[in-house]
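Have a look at the structure below, then the notes.
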Amino acid sequence: MTLNYLLKTALIGLKTNKSRAILTILGITIGITAIITVMSLGKGAQNLILGQVQGIGAKVIAIAPGRQPEGMTDFASVFTDSLRAKDLTALERKENVPHLSRIMPVVFGSDTAVYDNNIYRPTIFGVSSMFADIYDAYPSEGVIFSDEEVKSYADTVVIGAKLKDKLFGESQALGQKIKIKGKSFKVIGILPKKGAGSFINFDDAAIIPYTTAQQYIFGIKYFHRLAAEADTEANVDQTVADIKTTLRASHNITDPTKDDFFVETQADAMKTVGTITNVLTLFLAAIAAISLLVGGVGIMNIMLVSVTERTREIGLRKAIGATDANILTQFLLESVILTCLGGILGITFGAAISLLASVVLTKVLNQTWGFTVPLTAVLLGLGVSAFIGLVFGLYPARQASRKSPIEALRYE
Numbered sequence: 023m024t025l026n027y028l029l030k031t032a033l034i035g036l037k038t039n040k041s042r043a044i045l046t047i048l049g050i051t052i053g054i055t056a057i058i059t060v061m062s063l064g065k066g067a068q069n070l071i072l073g074q075v076q077g078i079g080a081k082v083i084a085i086a087p088g089r090q091p092e093g094m095t096d097f098a099s100v101f102t103d104s105l106r107a108k109d110l111t112a113l114e115r116k117e118n119v120p121h122l123s124r125i126m127p128v129v130f131g132s133d134t135a136v137y138d139n140n141i142y143r144p145t146i147f148g149v150s151s152m153f154a155d156i157y158d159a160y161p162s163e164g165v166i167f168s169d170e171e172v173k174s175y176a177d178t179v180v181i182g183a184k185l186k187d188k189l190f191g192e193s194q195a196l197g198q199k200i201k202i203k204g205k206s207f208k209v210i211g212i213l214p215k216k217g218a219g220s221f222i223n224f225d226d227a228a229i230i231p232y233t234t235a236q237q238y239i240f241g242i243k244y245f246h247r248l249a250a251e252a253d254t255e256a257n258v259d260q261t262v263a264d265i266k267t268t269l270r271a272s273h274n275i276t277d278p279t280k281d282d283f284f285v286e287t288q289a290d291a292m293k294t295v296g297t298i299t300n301v302l303t304l305f306l307a308a309i310a311a312i313s314l315l316v317g318g319v320g321i322m323n324i325m326l327v328s329v330t331e332r333t334r335e336i337g338l339r340k341a342i343g344a345t346d347a348n349i350l351t352q353f354l355l356e357s358v359i360l361t362c363l364g365g366i367l368g369i370t371f372g373a374a375i376s377l378l379a380s381v382v383l384t385k386v387l388n389q390t391w392g393f394t395v396p397l398t399a400v401l402l403g404l405g406v407s408a409f410i411g412l413v414f415g416l417y418p419a420r421q422a423s424r425k426s427p428i429e430a431l432r433y434e
């Protein structure tokens with residue numbers, strides 16, 4: 023008996039119970055839809071974040087205090103005060119780091135900003151005048167503060183678009199004064215809106231001189247970060263090596279495993295982001311895949327019912343020469359056809375939902391959330407569908423093939 027004939031027989035068997043077949047397909051469709059949607063949105067999120075990281079610039083190098091976290095127990099070591107003014111001075115010396123074009127201290131935290139009766143809690147960034155160049159964040163109105171203002175602990179502030187809306191609404195913000203932690207700051211610049219999807223969300227930020235932030239807002243004498251930039255992309259690795267050597271000398275560290283700081287390039291950041299988003303996407307996809315087990319059990323139940331209802335048909339086919347293998351193949355084909363149809367529909371619905379979600383997220387975040395359906399997600403959807411059809415269809419098909427033709431013909 024040819025496979026083509028068995029396939030036609032399987033299709034005829036499914037057509038006789040259309041409503042039951044549709045309900046069976048539905049369980050698989052929902053599961054595959056969830057997996058495709060999660061993997062598609064995960065890829066979109068990864069591309070968006072990586073784009074933001076790339077936008078900072080390949081020459082930018084981040085220097086952070088503490089040991090580089092490699093697990094949950096290491097995160098506490100990040101919040102240390104190991105980066106201080108002497109380290110900044112050492113790194114600014116050309117003989118120590120010859121390929122360093124500029125370096126900027128960064129302190130950050132959160133506090134309340136007040137204007138008239140409007141209150142909002144933005145993220146406060148204390149930086150130098152290099153801020154705009156390093157992060158490509160130039161004010162759309164006004165200016166960034168100067169080096170002289172940084173040295174003189176000036177009470178000037180550049181605010182993000184969201185902070186401006188929260189405190190001033192449609193009214194003029196430039197030249198006005200806001201209070202942060204009880205101290206008045208004059209608004210000298212407003213950043214353009216970049217959206218909540220930005221890698222660093224400056225929409226929700228108040229940018230002030232780092233000296234002022236240290237002295238009056240946070241009350242600290244250390245830095246939370248140092249943002250450096252190499253003169254060329256080709257010299258990034260050498261600059262990283264020189265920074266490490268300089269800081270070890272500044273901190274009297276002879277054993278690199280005892281470093282109380284870590285240095286990260288944009289390539290490192292992209293690798294880390296990619297790893298994190300991939301793990302999260304796979305984790306969520308695995309959770310969504312649980313629904314496929316439910317769908318698989320549903321298929322097994324439906325096929326067992328179908329075997330029982332078609333007992334006389336099985337007996338008749340065996341009486342005219344069908345072998346156990348023919349019966350087994352027929353019912354397995356029915357199961358695989360159901361799950362594959364569910365997989366195709368799931369991929370289609372998942373892609374449609376992902377497309378709709380990308381349009382909505384683009385408008386909400388004011389960032390281009392690219393629509394993509396990874397080939398791996400499509401292959402995974404089809405592969406899982408077929409696998410479930412085989413696994414959960416095998417037992418009912420085997421039960422059908424083992425029926426005695428004489429007993430099957432007597433069944434009523």
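Residue 23 is where the sequence shown starts when you use this note's numbering, and the numbers rise one by one after that. Yeah, the Cβ is synthetic: ideal placement off N, Cα and C, and Gly gets one too. Owing to the predicted nature of the structure, the values given are computational and were not obtained by experimental measurement.
Kindly indicate the opening and closing residues of the alpha helix (DSSP H) around Val82.
-> Careful: Val82 lies outside any alpha helix (DSSP H), inside the beta strand (DSSP E) at 82-87.
From Val60 to Phe240, what does the alpha carbon distance come to, in whole angstroms?
-> Cα to Cα, the separation comes out at about 40 Å.
May I have the straight-line CA-CA distance separating Gly191 from Val285, to the nearest angstrom?
-> Here the alpha carbon of Gly191 sits roughly 40 Å from the alpha carbon of Val285.
Could you check what DSSP says for Ser132 in three-state terms: helix, strand or coil?
-> In this structure, Ser132 counts as strand in the three-state DSSP scheme.
Whose C-alpha, out of Ala67, Ile47, Asp109, is nearest the C-alpha of Phe283?
-> It is Asp109 whose Cα lies nearest to the Cα of Phe283.
For Tyr160, three-class secondary structure by DSSP | Here Tyr160 sits in coil by DSSP.
Excluding the five sequence neighbours on either side, which residues of its own chain have a C-beta within less than 7 Å of the C-beta of Phe207, listed in chain order?
-> Excluding residues within five positions, the ones whose Cβ falls inside 7 Å are Asp177, Thr178, Val179, Lys199, Ile200, Ile230.
Note down the Cα distance separating Ile44 from Asn323, rounded to an integer number of angstroms.
-> Roughly 14 Å between the two C-alpha positions.
Closer than 6 Å by C-beta to Asn140: which residues in its own chain qualify, once you throw out the five before and the five after it? Chain order, please.
-> Within the same chain, and ignoring the five residues on either side of Asn140 in sequence, the residues whose Cβ sits closer than 6 Å to its Cβ are Leu189.
Buried or exposed by the 16-neighbour rule on C-beta atoms within 10 Å, applied to Arg339 = That one is buried.
Might you give, ordered along the chain, the residues of its own chain that have their beta carbon closer than 7 Å to the beta carbon of Ala235, omitting 5 neighbours on each side?
-> Contacts found: Val129, Ile146, Gly148.
Start and end of the beta strand (DSSP E) containing Ser193?
-> Ser193 -> no beta strand (DSSP E), and no H or E assigned at all.
Candidates Ile210, Ser328, Asn223: which alpha carbon is nearest Ser41's?
-> Just measuring C-alpha positions, the residue of Ile210, Ser328, Asn223 sitting nearest Ser41 is Ser328.
Residue range of the alpha helix (DSSP H) that Arg247 falls in?
-> Where Arg247 is concerned, there is no enclosing alpha helix (DSSP H), although the beta strand (DSSP E) it sits in stretches over 247-252.
Close Cβ partners of Lys203 (< 6 Å) along its chain, the five nearest in sequence each way excluded = Residues Asp133, Ile239 of the same chain have their beta carbon placed closer than 6 Å to that of Lys203, with the five preceding and five following residues left out of the count.
Can you tell me which of the three DSSP states Gly6 falls into?
-> The question about residue 6 has no answer here: the residues shown for the chain are numbered 23 through 434.
Bridge partners of Arg124, per DSSP?
-> According to DSSP, residue pairing for Arg124 in a beta bridge involves Glu251.
Answer with buried or exposed for Phe305, where buried requires no fewer than 16 other C-beta atoms within 10 angstroms of its C-beta.
-> By the neighbour-count criterion, in which a residue is buried when 16 or more other Cβ atoms sit within 10 angstroms of its Cβ, Phe305 is exposed.
Host alpha helix (DSSP H) of Lys208 (start-end) | Per DSSP, Lys208 lies in no alpha helix (DSSP H); the unbroken beta strand (DSSP E) holding it starts and ends at 205-212.
Below-9 Å beta-carbon distance, Gly320 vs any chain C residue = Within the model displayed, chain C is absent; a lone protein chain is all it includes.
Assuming Val395 and Ile58 form a contact by the criterion Cβ under 8 Å, report the distance between their Cβ atoms to the nearest whole angstrom.
-> Cβ atoms of Val395 and Ile58 come within 8 Å of each other, at about 7 Å.
CB contact flag (Leu438, Ile242, <9 Å) = As displayed, the chain neither begins before 23 nor continues past 434, which places residue 438 out of reach and without an answer.
Flag Thr370 as yes when its Cβ comes closer than 8 Å to any non-hydrogen atom of the ligand PLP, and as no otherwise.
-> The model on display carries no ligand, and the ligand PLP is accordingly not part of it.
First and last residue of the uninterrupted beta strand (DSSP E) at Glu201 | The question names Glu, but residue 201 is Lys in the sequence shown. In the DSSP assignment, Lys201 falls within the beta strand (DSSP E) that extends over 199-202.
Report back the beta-carbon spacing between Ile47 and Gly411 to the nearest angstrom; my notes put them in contact at under 8 Å.
-> Separation of the CB atoms of Ile47 and Gly411 is rounded to 11 Å, and the pair is thereby denied contact status at 8 Å.
Would you kindly work out how many angstroms separate the C-alpha atoms of Phe221 and Ala256, rounded to a whole number?
-> For Phe221, the pLDDT reaches just 48, beneath the cut-off of 50, and the residue's location in the model is therefore unreliable, leaving the point undetermined.
Ile229 - containing beta strand (DSSP E), residue span = Unbroken beta strand (DSSP E) run through Ile229: 227-231.
Starting from Ile265, follow the beta strand (DSSP E) in both directions and report where the run begins and ends.
-> For Ile265, there is no enclosing beta strand (DSSP E); the enclosing alpha helix (DSSP H) covers residues 258-272.
Could you please give the first and the last residue of the uninterrupted beta strand (DSSP E) stretch that includes Thr145?
-> It spans 145-149 - the beta strand (DSSP E) in which Thr145 sits, taken as one unbroken run.
Leaving out the 5 sequence neighbours to the left and right, which residues in its chain are closer than 6 Å to Ala399 when beta-carbon positions are compared?
-> Around Ala399: Ile58, Met61.
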